[in-house]
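**Student:** I'd like to ask you about the structure that follows.
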Amino acid sequence: MNIVVCIKQVPDPEHFSKVSLDPVTKTISREGIPAIINPLDKNALEEGL
């Protein structure tokens, strides 16, 4: 049996004070903010293993 789990990196919630929006693209500027695995995706990964 093969199990596939999709995961996504998200900005670390402990560093949300550093989050800012790029004025041109209107997206989150992630410079200087560490990325972590989405906590719900981490649970799914553990279940898949």
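Following the numbering used here, the numbering of the sequence shown begins with 6 at its first residue and continues without gaps. Beta carbons are placed, not taken as given, at the ideal position from N, Cα and C, and that holds for glycine. Since this is a predicted model, take the numbers as computed values, not measurements.
For Arg35 versus Pro18, is the C-beta spacing smaller than 9 Å?
**Tutor:** no
**Student:** Below 6 Å CB to CB, which residues in the same chain sit around Ala40 once its five sequence neighbours on both sides are set aside?
**Tutor:** Gln14
**Student:** Looking at the strands, I want to know which residues DSSP matches up with Pro16.
**Tutor:** Ala40
**Student:** So Ile38 packs on Lys23, CB below 8 Å; how close in whole Å?
**Tutor:** Going by Cβ atoms, the distance from Ile38 to Lys23 rounds to 5 Å, so yes, they are a contact pair.
**Student:** By Cβ distance, which residues of its chain are closer than 8 Å to Ile33, with the 5 residues on each side in sequence left out?
**Tutor:** Pro16, Val24, Ser25, Leu26 and Asp27
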